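Here is the structure we will look at.
Chains as they are written, first to last, in the working numbering: chain A, 2 to 101; chain B, 23 to 188.
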């Protein structure tokens, strides 16, 4: 049987990779995809803990995380389409109009 | 046998995740992310959560990634492909990432709380039935709130993405 720590380590590795994508890449699309990666690594942790401690709440929380992610992606891509229509850029650094 | 499968899925998912971050073309990133989600759903099957695995494939691979690919097709990504990759002078972010990774790895490897090798025995019965009973009985209010959030996101996305009238 696979030890619990292996799943946690996989979650850690995916989380760090996703955080690298968010912090280092400057393409808005790739940043959004890296956010998906972050949320997915958290889901792995939820389900692994739920499995190893025989608790359904891990899976239930994972379902809610997935639902929230779907909402987030829909709104984020809507904003992205509106943004590209107004200002043809995909770089995060060019979109600082709301910075004071 | 379970360990071998886990190592296979984990290795492929990590490679796919690295491809997501390192690929220059957003289309390649999206396809690699799709592969990564498939591996993660296989890991959910290993974890005894078949319902979550199916939801993962439906929602992530079927809906979210298709949405991403639609948006990539709608906007011009050629300019994005040409831009400089991993801009220099981002040392603070790199240091932060290394610190984050090392800290989490040390915590996980140091602590003895994560050393459980055998899952607690589950008390028989249908897993999915028990899960859905818990979801629709104990967690009914969060479930309804999640559906309202999804509706709000639906309306918001339509409003945001439509052309300005006039």
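The beta-carbon is built from N, C-alpha and C at its ideal position, and this holds for glycine as well.
Keep in mind that this is a model prediction, so the values were computed, not measured.
message: Quick check on residue 17/A - is its C-beta less than 8 Å from some C-beta in chain B?
response: Position 16 of the first chain, counting from 1, holds the residue named residue 17/A. With 8 Å as the cut-off, residue 17/A counts as an interface residue toward chain B.
query: Roughly how many angstroms lie between the CA atoms of residue 51/A and residue 69/B, to the nearest whole one?
result: Residue numbering aside, residue 51/A sits at position 50 when the first chain is read from its first letter. Residue numbering aside, residue 69/B sits at position 47 when the second chain is read from its first letter. Roughly 9 Å between the two C-alpha positions.
- prompt: For residue 53/A, which residues from the same chain have a beta carbon less than 6 Å from its beta carbon, with the 5 sequence-adjacent residues on both sides left out?
  reply: Taking the first residue of the first chain as 1, we reach residue 53/A at position 52. Around residue 53/A: 5.
Straight-line gap, residue 179/B to residue 69/A (C-alpha atoms, nearest Å): Position 157 of the second chain, counting from 1, holds the residue named residue 179/B. Position 68 of the first chain, counting from 1, holds the residue named residue 69/A. Computed Cα separation, rounded: 14 Å.
field: Which of helix, strand or coil DSSP assigns to residue 28/A
entry: The residue given as residue 28/A occupies position 27 in the first chain. Reduced to three states, the DSSP call for residue 28/A is strand.
field: residue 140/B versus residue 74/A: straight-line alpha-carbon distance, rounded
entry: Here the question's residue 140/B lines up with position 118 in the second chain. Here the question's residue 74/A lines up with position 73 in the first chain. Their backbone Cα atoms lie some 36 Å apart in a straight line.
message: When you compare the CB of residue 13/A with every CB in chain B, is at least one pair closer than 8 Å?
response: Your numbering for residue 13/A matches position 12 in the first chain. Yes, its Cβ sits closer than 8 Å to a Cβ of chain B.
query: Between the Cα of residue 159/B and the Cα atoms of 57/A, 76/A and 33/A, which residue gives the shortest distance?
result: The residue labelled residue 159/B in the question sits at position 137 within the second chain. Checking every option, the nearest Cα to that of residue 159/B belongs to 57/A.
task: May I have the straight-line CA-CA distance separating residue 62/A from residue 47/A, to the nearest angstrom?
output: Numbered from 1 along the first chain, position 61 holds the residue referred to as residue 62/A. Numbered from 1 along the first chain, position 46 holds the residue referred to as residue 47/A. Spanning the two alpha carbons is a distance of roughly 7 Å.
message: Give me, in chain order, the residues of the same chain whose beta-carbon lies closer than 8 Å to that of residue 60/B; leave out the 5 immediate sequence neighbours on both sides.
response: As a position in the second chain, residue 60/B is number 38, starting the count at 1. So the list reads 79 and 83, once near-sequence residues are dropped.
query: So which of 78/A, 64/A, 9/A and 16/A has the shortest CA-CA distance to residue 167/B?
result: Numbered from its first residue, the second chain carries residue 167/B at position 145. Residue 64/A is the option with its Cα nearest to residue 167/B.
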